[in-house]
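Asks:
And the structure:
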């Protein structure tokens with residue numbers, strides 16, 4: 004009973020803060036489902052091409068999102084101490100850092116585009132892959148600017164702002180998909196290219212909405228003062244890079260375990276790639292919801308850390324872990340109950356739907372490890388302990404997951420199932436190591452959790 008009393012207030016605060024983030028993430032999930040469903044119904048080759056391109060860009064976008072998380076411990080600590088103009092200055096410098104990162108990511112992805120024909124993908128997919136790739140390349144700048152605003156509003160506990168923007172622009176994206184993929188309402192039938200154009204347009208609109216809200220809403224008056232008057236800060240810019248690079252690399256290496264596995268799966272053909280895309284869409288459902296609650300953990304931890312309150316840093320983190328575990332149980336039961344029908348939602352190809360049912364096994368196996376690593380990674384971000392996470396990620400995903408995927412999939416001839424069986428090993432290893440790191444950083448015999 005005493006333990007519940009310690010956590011009760013944190014459960015309530017995390018749910019209040021995290022539910023809007025989770026709802027915004029659900030909007031992204033619905034968009035991912037709709038994208039995969041509409042493209043899959045249009046053509047299996049389109050679905051396979053989307054699988055390759057989306058996974059390559061997921062690597063860049065997740066790295067960029069991780070980089071933008073460097074703002075949360077800074078602005079969260081300033082907000083916790085009611086230093087609102089300085090939080091506005093932090094946003095200004097964060098946006099600059101994000102734009103520079105966007106340009107760097109665009110250059111790296113352009114190099115990848117020039118070499119896409121050398122990655123062993125099916126020749127029949129290349130005419131679809133190349134134009135879709137270029138459209139998403141243009142959108143990277145807008146993704147990074149949006150991330151800067153989102154981490155700011157989340158960091159000052161106004162999580163409903165990003166929720167409404169995500170829901171509205173994702174709905175716009177889905178409508179655009181319907182009109183442009185299938186050529187409805189007088190628009191041309193563009194197939195996969197239409198999906199790319201719709202995605203680009205929705206990302207531009209999301210940035211415009213954030214600019215309008217920040218520059219006009221009375222709730223941001225004190226933040227705008229700091230944004231306009233306190234100017235650029237080399238110290239803040241360097242701090243964002245010092246925090247952002249390790250977080251981005253940690254998240255990027257996690258994404259790489261999936262994205263580089265996509266290249267291996269591409270060696271198995273278009274059906275395997277299409278099945279992989281369906282499974283990644285389903286796995287995004289749990290990942291994004293866990294991450295929504297994990298973001299709430301990072302915000303609350305950064306607020307308490309700014310005040311030097313280690314007791315509540317720990318209690319918030321473990322309360323978040325309890326909530327994520329409960330989410331994992333509920334979501335796993337839901338996916339298991341729908342395992343025989345989910346594949347058919349996205350593809351009419353019987354080979355794809357059969358493969359999807361088989362791949363449910365590794366998906367369900369890694370839910371605990373995924374929830375664990377998300378929770379404790381966000382807690383470590385909240386206390387600005389980010390550099391060791393790079394080492395943990397490298398061990399988990401490059402030393403354990405990727406080699407295991409090649410071993411199980413190709414050396415032991417497990418095919419796509421073997422590649423997917425590596426993910427539980429990598430994610431669970433990461434979760435355990437991140438938990439141990441958090442315990443070490445917050446250990447104190449005087450603290451009664």
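In the numbering used here, the protein residues as written are 4 to 452. Note that the Cβ used here is the ideal one computed from N, Cα and C, for glycine as well.
(1) Below 6 Å CB to CB, which residues in the same chain sit around residue 362 once its five sequence neighbours on both sides are set aside?
(2) Assuming contact is defined by CB atoms lying nearer than 8 Å, are residue 173 and residue 198 in contact in what I supplied?
(3) Which residues in the same chain have their Cβ closer than 7 Å to the Cβ of residue 182, if we skip the five residues on either side of it in sequence?
(4) Count the other CB atoms, across all protein chains shown, that sit within 10 Å of the CB of residue 450; report buried if there are 16 or more and exposed otherwise.
(5) When the Cα of residue 94 is compared with those of 307, 107, 266, 71, which residue comes out closest?
(6) Label residue 121 either buried or exposed according to how many other C-beta atoms from any shown protein chain fall within 10 Å of its C-beta, with 16 as the threshold for buried.
(7) Determine the direct distance from the alpha carbon of residue 68 to that of residue 145, and round the result to whole angstroms.
(8) Quick check: what's the CA-CA separation for residue 17 versus residue 353?
(9) Have a look at 77, 59, 163, 81 and flag the residue whose alpha-carbon is nearest the alpha-carbon of residue 136.
(10) Near residue 268, which residues of its chain fall below 7 Å by C-beta distance, leaving aside the five closest residues on each side in sequence?
(11) Considering only their Cβ atoms, is the gap separating residue 305 from residue 405 smaller than 8 Å?
(12) Please state the DSSP three-state secondary structure of residue 85.
(13) Taking 7 Å as the limit between beta carbons, can you name the residues of its chain near residue 347, skipping five residues before and five after?
(14) Residues in the same chain with beta-carbon distance under 6 Å from residue 5, minus the five sequence neighbours each way, listed in chain order, please.
(15) Using the beta-carbon count (16 or more within 10 Å), is residue 157 buried or exposed?
(16) Within the continuous alpha helix (DSSP H) that includes residue 225, where are the two ends?
(17) Would residue 301 and residue 385 be called neighbours here (beta carbons separated by less than 8 Å)?
(18) How many Å lie between residue 318 and residue 442 at the Cα?
(19) What separation, rounded to the nearest whole angstrom, lies between the Cα atoms of residue 284 and residue 232?
(20) With 16 as the cutoff for other CB atoms within 10 Å, does residue 437 come out buried or exposed?
(21) Between the C-alpha atoms of residue 238 and residue 309, what's the straight-line distance to the nearest angstrom?
(22) If we ignore side chains and look at the alpha-carbon of each, how far apart do residue 254 and residue 244 end up?
(23) Helix, strand or coil, according to DSSP, for residue 182 in the structure here?
(24) Going by other Cβ atoms of all chains shown within 10 Å of its Cβ, with 16 needed for buried, is residue 247 buried or exposed?
(25) So, at 7 Å on beta carbons, what are the nonlocal neighbours of residue 133 in its own chain, with the 5 sequence-adjacent residues on each side left out?
(26) How should residue 337 be labelled, buried or exposed, when 16 other C-beta atoms within 10 angstroms of its C-beta is the threshold for buried?
(27) Of the residues 168, 73, 177, 100, which one's Cα is nearest the Cα of residue 390?
(28) Please look up how many angstroms separate the CB atoms of residue 388 and residue 289, rounded, as I've assumed it's under 8 Å.
Replies: Reading it off the structure:
(1) Counted from its first residue, the chain shown places residue 362 at position 359. Excluding positions up to five away in sequence, the list reads 282, 423.
(2) Here residue 173 corresponds to residue number 170 of the chain shown, with the count starting at 1. Here residue 198 corresponds to residue number 195 of the chain shown, with the count starting at 1. Going by C-beta atoms, residue 173 is not nearer than 8 Å to residue 198.
(3) Translated into the one-based positions of the chain shown, residue 182 becomes position 179. The answer, listed in chain order, is 188, 190.
(4) For the purposes of this step, residue 450 is taken as the residue at position 447 of the chain shown. With a pLDDT of 39 at residue 450, under the threshold of 50, the predicted position of this residue should be treated as unreliable, though the coordinate-derived value follows. Result: exposed.
(5) Residue mapping note: residue 94 aligns to position 91 of the chain shown, counting from 1. Ranking the options by Cα distance to residue 94, first place goes to 71.
(6) As a working mapping, residue 121 is identified with position 118 in the chain shown. It counts as exposed.
(7) Indexing the chain shown from 1 puts residue 145 at position 142. Indexing the chain shown from 1 puts residue 68 at position 65. Across the structure, residue 145 and residue 68 are spaced so that their CA atoms are roughly 12 Å apart.
(8) Translated into the one-based positions of the chain shown, residue 17 becomes position 14. Translated into the one-based positions of the chain shown, residue 353 becomes position 350. Computed Cα separation, rounded: 42 Å.
(9) Residue mapping note: residue 136 aligns to position 133 of the chain shown, counting from 1. Cα-wise, what sits closest to residue 136 is 59.
(10) What you label residue 268 is simply residue 265 of the chain shown in a count that begins at 1. Closer than 7 Å at Cβ, skipping near neighbours: 275, 276, 279, 419, 422.
(11) In the chain shown, the residue the question calls residue 405 occupies position 402. In the chain shown, the residue the question calls residue 305 occupies position 302. Cβ atoms of residue 405 and residue 305: not closer than 8 Å.
(12) By one-based count along the chain shown, residue 85 stands at place 82. Correct three-state label for residue 85: coil.
(13) On the chain shown, residue 347 is found 344 positions in, with the first residue counted as 1. Counting only Cβ-Cβ distances below 7 Å, and skipping sequence neighbours, we find 356.
(14) Translated into positions along the chain shown, residue 5 becomes position 2. Any reading at residue 5 needs caution, since the residue's pLDDT is 49, under 50, leaving its predicted position unreliable; the model's value is listed next. If we look at residue 5 and ignore the five residues flanking it on each side, it has no Cβ neighbours.
(15) For the purposes of this step, residue 157 is taken as the residue at position 154 of the chain shown. Around the Cβ of residue 157, a 10 Å sphere holds 16 or more other Cβ atoms; the residue is buried.
(16) As a first step, residue 225 must be located in the chain shown, where it is residue number 222. Residue 225: member of the alpha helix (DSSP H) spanning 224-232, first to last residue.
(17) Within the chain shown, residue 301 is the residue found at index 298, counting from 1. Within the chain shown, residue 385 is the residue found at index 382, counting from 1. Yes; because the gap between Cβ atoms is below 8 Å, this pair is in contact.
(18) Mapped onto the chain shown, residue 318 falls at position 315. Mapped onto the chain shown, residue 442 falls at position 439. Those two C-alpha atoms are separated by around 12 Å.
(19) Sequence index remark: in the chain shown, residue 284 carries index 281 (1-based). Sequence index remark: in the chain shown, residue 232 carries index 229 (1-based). The C-alpha of residue 284 lies about 44 Å from the C-alpha of residue 232.
(20) Reading the chain shown from its first residue, position 434 is the one you call residue 437. Flag for residue 437 reads buried.
(21) In the chain shown, residue 238 corresponds to position 235, counting from 1. In the chain shown, residue 309 corresponds to position 306, counting from 1. Inter-residue distance for residue 238 and residue 309 is about 18 Å (C-alpha atoms, whole angstroms).
(22) For the purposes of this step, residue 254 is taken as residue 251 along the chain shown, with counting starting at 1. For the purposes of this step, residue 244 is taken as residue 241 along the chain shown, with counting starting at 1. Cα to Cα, residue 254 sits roughly 15 Å from residue 244.
(23) Start at 1 with the first residue of the chain shown, and residue 182 comes out as number 179. Residue 182: helix per DSSP, three-state reduction.
(24) In the chain shown, residue 247 corresponds to position 244, counting from 1. Flag for residue 247 reads buried.
(25) Taking the chain shown and counting its residues from 1, one reaches residue 133 at position 130. Excluding sequence neighbours, residue 133 sits near 119.
(26) Indexing the chain shown from 1 puts residue 337 at position 334. Residue 337 is classed as exposed because its beta carbon has fewer than 16 other beta carbons within 10 Å across all chains shown.
(27) Looking up residue 390 in the chain shown gives position 387. Of the candidates 168, 73, 177, 100, the one whose C-alpha sits nearest the C-alpha of residue 390 is 73.
(28) If you number the chain shown from 1, residue 388 lands on position 385. If you number the chain shown from 1, residue 289 lands on position 286. About 26 Å separates the Cβ atoms of residue 388 and residue 289, ruling out a contact at the 8 Å cut-off.
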